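I have placed the structure first, in the form of structure tokens, so that the comments after it can refer back to it.
2 protein chains.
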Amino acid sequence: MSVGRETRLSAWIERFAAHFAEEGIPLIGGRILGYLLICQPVERTAAELSQELEASSGSISTNLKYLVNVGLVTKRTRRGRQAAEYRINEKAWTDFIQRKLTAIASVQTLTDDGMRLLSGDPERAMRLRTVDHLYGWLSAELPALWERRPASPK
Amino acid sequence: MSVGRETRLSAWIERFAAHFAEEGIPLIGGRILGYLLICQPVERTAAELSQELEASSGSISTNLKYLVNVGLVTKRTRRGRQAAEYRINEKAWTDFIQRKLTAIASVQTLTDDGMRLLSGDPERAMRLRTVDHLYGWLSAELPALWERRPASPK
DNA sequence: GATCCCTTTCGGTCGACACTGAAATCATCG
DNA sequence: CGATGATTTCAGTGTCGACCGAAAGGGATC
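Residue numbers (this note's numbering), protein chains in the order written: chain V, 1 to 154; chain Z, 1001 to 1154.
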């Protein structure tokens, strides 16, 4: 007997969350992200998320705050509604990825400073130089690559 | 009165270690990396590292094992020497960075699987599609960019 | 084989952080 | 203004991992 679609989707959410857990995003935060990417309708209240994801209201609150903060989730309040509605802000993924790329390239400032401290001793600077060149190239190319990123599909 | 060069270098090592600590590398592991990049002579024993970095022999051992494992440090044993010598393997930084880039791009397999699960419901797949396109582009471009990386300076 | 030195292993401590659930807070509506 | 239904805050718990230092393990020399 085959498993239902919703079952497979929740397994997918779990894989999704697990991936980002490795990158330091709390498990529940990852679940919220995954869930909000594929739920119908697109907006959910904190209470609904708590129910759906079987997580405490406290965890949901903390993680929503974090996700709204980094921009991946948008909070919407409406007059006449006591419950705020949350939804994925798919546009924010570009910034999210860009931060990761710049984080990698940022090592270059570190190696650069090191090279300065070792100026006058090229022998000793050799190892760092190899690393510095690599990061120097990266920090030039990554932003350039990023500029060529395609617009999102219509 | 100005601070000495060695003092500044050890401050640099600390900054270096702090950066990689944010990426999940233990502080002491980062210190070893930074130190081995700029020490003279280039090879050190575990005992020397323990002394220089004021870390316990146990921590040095654990972290060296890890660094050797990921290839960033090379262990060399010599007949007639009871102490092994460790040095930076600056060549391995390319692999190290590549792993980070592929880790970012690997989200594409996740979004791709999600899209498959949502095939037949384009409405519901819209949010994921935006994210999937971005990662799809990345996982095509990043490896291509990487191929164009320059050789290390002679 | 005994000794010496160095490295690895291992038990234990400490601090950080995710998560929970209850209490406090807030907003809306009657 | 009080009641209602939602969210946020907060104290407490458990887990995990980095680090330490002592003990065990391994080579090398004598």
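Glycine is no exception: its CB is placed at the ideal position from the N, C-alpha and C atoms.
The model shown is predicted, which means the values in this text are computed figures rather than measured ones.
Checklist entry - Along the chain, where does the beta strand (DSSP E) that runs through Lys1075 (chain Z) open and close? => result 1073 to 1076
Item to check | Cβ contact (3+ pairs, closer than 8 Å) linking the stretch 45 to 59 of chain V and the stretch 73 to 93 of chain V | outcome: yes
Checklist entry - In angstroms, rounded to a whole number, what distance separates the CA positions of Lys100 (chain V) and Leu1128 (chain Z)? => result Lys100 (chain V) and Leu1128 (chain Z): Cα-Cα distance of roughly 20 Å.
Next on the checklist: Less than 7 Å between CB atoms is the rule here; does Ile1104 (chain Z) satisfy it with respect to chain V?
Outcome noted: yes
Checklist entry - Do Thr1102 (chain Z) and Tyr1135 (chain Z) have their CB atoms nearer than 7 Å? => result No, the Cβ-Cβ distance between Thr1102 (chain Z) and Tyr1135 (chain Z) is not below 7 Å.
Item to check | Residues within the stretch 86 to 100 of chain V neighbouring chain Z, beta-carbon criterion of under 8 Å | outcome: From the stretch 86 to 100 of chain V, only Ile88, Glu90, Lys91, Trp93, Thr94, Ile97, Lys100 have a Cβ closer than 8 Å to chain Z.
Checklist entry - Is there contact here, the stretch 1116 to 1123 of chain Z with the stretch 1062 to 1072 of chain Z, by at least three beta-carbon pairs under 8 Å? => result no
Item to check | Min CB distance Gln40 (chain V) to chain Z below 7 Å | outcome: Judged by the 7 Å Cβ criterion, Gln40 (chain V) is in contact with chain Z.
Checklist entry - How is Glu1085 (chain Z) classed by DSSP in three states: helix, strand or coil? => result strand
Item to check | Chain-ordered neighbours of Pro150 (chain V) on chain Z, where CB pairs are closer than 9 Å | outcome: His1133, Leu1134, Trp1137
Checklist entry - Should Arg78 (chain V) go down as buried or exposed, given a rule of 16 or more other Cβ atoms within 10 Å for buried? => result The residue is exposed, with fewer than 16 neighbouring Cβ atoms inside 10 Å.
Checklist entry - Apart from the five residues on each side of it in sequence, which residues of its chain come closer than 8 Å, Cβ to Cβ, to Gln1098 (chain Z)? => result Trp1146
Item to check | Nearest-angstrom beta carbon gap, Ala21 (chain V) and Gly34 (chain V) [assumed within contact, 8 Å] | outcome: Their Cβ separation, rounded to whole angstroms, is 11 Å, which puts Gly34 (chain V) and Ala21 (chain V) out of contact at 8 Å.
Next on the checklist: Which of the three DSSP states is assigned to Arg44 (chain V) in this structure?
Outcome noted: strand
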